[in-house]
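Below: one structure, written as structure tokens.
Right under this line is the structure:
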């Protein structure tokens with residue numbers, strides 16, 4: 001379906017599990033050269049092996065998006081190995097549910113360091129290569145919380161995801177003259193470990209908020225990421241696309 005993705009070098013941060021894994025799987029199906037970057041090296045290696053069982057070119061490399069040195073090393077290693085980066089999916093992140101009155105400055109800083117600064121540093125690191133090749137797609141994983149003010153999450157998480165939408169639009173303007181597109185996805189209530197950890201009562205409450213009256217799947221988010229990574233979205237940049245079951249309708 002997305003033949004143009006064959007052979008493209010696609011980096012997926014936080015790709016060892018969850019939505020990141022679902023995105024990596026969809027890209028691997030299209031025979032993109034998928035590089036999973038994750039702080040959990042063992043799980044990332046298992047994921048790469050599983051996704052590559054049918055011959056898909058998938059590899060895993062250690063990456064801590066909270067560490068600037070790790071980001072520099074990771075991106076340089078990918079460029080040395082493949083010569084280019086065509087797709088960057090900034091999916092790695094952490095969730096915080098600490099209330100404002102209980103949130104420490106260290107907690108605030110940690111969330112922003114991973115969720116926002118990490119995306120800035122990853123994007124800045126790959127942008128020169130994308131600009132030079134005059135093509136590329138960056139997909140940032142924001143959240144419904146970045147638009148709505150938060151559902152069962154803390155203010156640090158909300159701020160990081162709202163800031164990510166602004167950062168997306170900034171880089172979209174920088175990249176547009178070179179045909180480098182940058183977009184964000186804002187998932188709502190998705191069937192993931194993060195959601196199920198809230199407990200059945202809270203999950204049911206959140207499900208009822210969506211007009212489609214169900215929880216979304218990780219693959220439904222991955223399909224949107226695949227669209228944004230592909231030429232099917234060649235006239236789409238600077239957008240924050242909601243995958244929420246209609247919560248904002």
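In the working numbering, the protein residues as written are 1 to 249. Every residue, glycine too, gets a C-beta built ideally from N, C-alpha and C.
For the beta strand (DSSP E) containing residue i, name the first residue and the last one.
i           : result
residue 141 : 136-141
residue 9   : 9-13
Can you tell me which of the three DSSP states residue i falls into?
i           : result
residue 231 : helix
residue 59  : strand
residue 179 : coil
residue 250 : The structure shown does not extend to residue 250, since the chain is modelled only from 1 to 249, so the question has no answer here.
residue 243 : strand
residue 68  : helix
residue 249 : coil
residue 185 : strand
residue 215 : coil
Under the assumption that residue i contacts residue j (Cβ atoms under 8 Å), give the Cβ distance between them as a whole number of angstroms.
i           : j           : result
residue 90  : residue 122 : 6 Å
residue 243 : residue 208 : 18 Å between Cβ atoms; not a contact.
residue 211 : residue 245 : 6 Å
residue 172 : residue 237 : 5 Å
residue 71  : residue 125 : 6 Å
residue 10  : residue 35  : 7 Å
Give the DSSP bridge partners of residue i, in chain order.
i           : result
residue 158 : None, per the DSSP bridge assignment.
residue 19  : Note: residue 19 sits in no beta bridge, so no partner.
residue 190 : 216
May I ask you to check if the CB of residue i is nearer than 7 Å to at least one heavy atom of the ligand FMN?
i           : result
residue 135 : The model depicted lacks the ligand FMN and carries no ligand whatsoever.
Taking the alpha helix (DSSP H) that residue i falls in, what are its first and last residues?
i           : result
residue 33  : No alpha helix (DSSP H) contains residue 33, which is instead part of the beta strand (DSSP E) from 33-38.
residue 2   : Here residue 2 belongs to no alpha helix (DSSP H), and DSSP marks it neither H nor E.
residue 200 : 200-209
residue 84  : Counting along the chain, residue 84 falls outside any alpha helix (DSSP H), and DSSP gives it neither H nor E.
residue 148 : 145-148
residue 253 : Residue 253 cannot be examined here, being either before or after the span of the chain that is shown, 1 to 249.
residue 152 : First-last for residue 152: undefined, no H or E at that position.
residue 43  : 41-51
Every unbroken alpha helix (DSSP H) inside the segment 86-116 [4 residues or more] = 105-112
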